[in-house]
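What follows is a short report on a single structure.
In the numbering used here, the protein residues as written are 851 to 1104.
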């Protein structure tokens, strides 16, 4: 069951302690854990936080966790799919998780659009971590890189060896720390069109910007060429070479 859900259980307590320490948890704070599995992080988080809300999609794991922590009033186990569950938006919170590989990007995207958090510490596939932190000009640079960096400063903390998990995964994991920016790099009123432009640009990442945006946004090439040049962007560039600042310039003309 768990392999299908893309989760490998962390068993190394030293790694668990490092992850929890990185989250800078205060005694007054609520921490949400996604995919707690067998509870190694859950148990550690509860030593520092006011409350732990652990959201587990697997019924048998959720039941086992409820039994394991039945006497710990700090810990609340929720049997649900995090992607279909909405946290209380009134209270500030932090996120800590060993994210299931097959839904890690979807979970991160959902959290980025929540406003009531400051720090999230996530363990993800190393490949995904590289994409998240990539900058313009890199082969790993993508719409995911831009989405994360518009809202957060993302720091790589450390890699986690395969031997720290059961079952042993085929890939290496990386722990990232997301610190939410006081002010997003793109104004809220412009974010919808900004991310539409970014997604359209990367949908055909090997095509030049003129072709990909014309195709996806339905703008005539001659008109689009003028608009790109008016904000100092070459129509012949590819999306992977366009910085966040340059993409934000496009909002005013597209």
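Using N, Cα and C, we set each Cβ at its ideal position, and we do this for glycine too.
(request) State the Cα-Cα distance for the pair residue 978 and residue 949, rounded to the nearest angstrom. (result) 11 Å
(message) With a threshold of 8 Å on Cβ separation, who are the neighbours of residue 935 within its own chain once the five nearest residues in sequence on each side are excluded?
(response) 905 and 928
(message) Among the candidates 869, 947, 910 and 1088, whose CA atom is the shortest distance from the CA of residue 1047?
(response) 1088
(request) Would you kindly work out how many angstroms separate the C-alpha atoms of residue 1063 and residue 938, rounded to a whole number? (result) 38 Å
(message) Going by the DSSP bridge assignment, what does residue 1002 pair with across the sheet?
(response) 1030
(message) I'd like the list of long-range same chain contacts for residue 854, defined as Cβ closer than 7 Å, with 5 residues on each side in sequence excluded.
(response) Unreliable placement is indicated for residue 854, whose pLDDT of 46 sits below 50; no coordinate value is reported for it.
(message) Tell me the DSSP secondary structure of residue 988 in three-state form.
(response) coil
(request) Would you grab the beta carbon distance between residue 946 and residue 870 for me? Rounded to a whole angstrom, and I think it's under 8 Å. (result) 7 Å
(request) Note the first and the last residue of the continuous alpha helix (DSSP H) segment covering residue 1069. (result) Segment: none, residue 1069 is in no alpha helix (DSSP H) and carries neither H nor E.
(message) Determine whether the beta carbon atoms of residue 879 and residue 944 lie at a separation below 8 Å.
(response) yes
(request) Mind checking which residues open and close the beta strand (DSSP E) that includes residue 903? (result) 901–906
(message) Suppose the cutoff is 8 Å on Cβ atoms and the five residues either side in sequence are ignored; what does the same chain contact list for residue 1016 look like?
(response) 858, 859 and 861
(message) Could you compute how far the alpha carbon of residue 902 sits from the alpha carbon of residue 914?
(response) 16 Å
(message) Using only the alpha-carbon positions, how far apart do residue 1031 and residue 999 sit?
(response) 9 Å
(message) With distance defined between alpha-carbon atoms, name the residue in 1076, 863 and 940 nearest to residue 964.
(response) 940
(request) Quick one: give me the first and last residue of the beta strand (DSSP E) that residue 883 is part of. (result) 880–884
(message) Please report the straight-line C-alpha distance between residue 922 and residue 1021, rounded to a whole angstrom.
(response) 34 Å
(message) Taking 8 Å as the cut-off, does the stretch 1063–1081 touch the stretch 990–1008 (at least 3 CB pairs, one atom from each stretch)?
(response) no
(message) Can you tell me whether residue 1011 is buried or exposed? The criterion is at least 16 other CB atoms within 10 Å of its CB, across all chains shown.
(response) exposed
(request) Could you check if residue 892 is buried or exposed, using at least 16 other CB atoms within 10 Å of its CB as the buried criterion? (result) buried
(message) Using only the alpha-carbon positions, how far apart do residue 984 and residue 1074 sit?
(response) 27 Å
(message) Using the Cβ count rule (16 or more neighbours within 10 Å means buried), how would you classify residue 933?
(response) exposed
(request) Decide if residue 881 is buried, meaning its Cβ has at least 16 other Cβ atoms within 10 Å, or exposed. (result) buried
(message) Within 10 Å of its beta-carbon, does residue 908 have 16 or more other beta-carbons around it, so buried, or fewer, so exposed?
(response) buried
(message) For residue 1079 and residue 1028, what's the separation of their Cα atoms in angstroms?
(response) 34 Å
(message) Let me confirm a value: residue 886 is counted as buried when at least 16 other C-beta atoms fall within 10 Å, else exposed. Which label applies?
(response) buried
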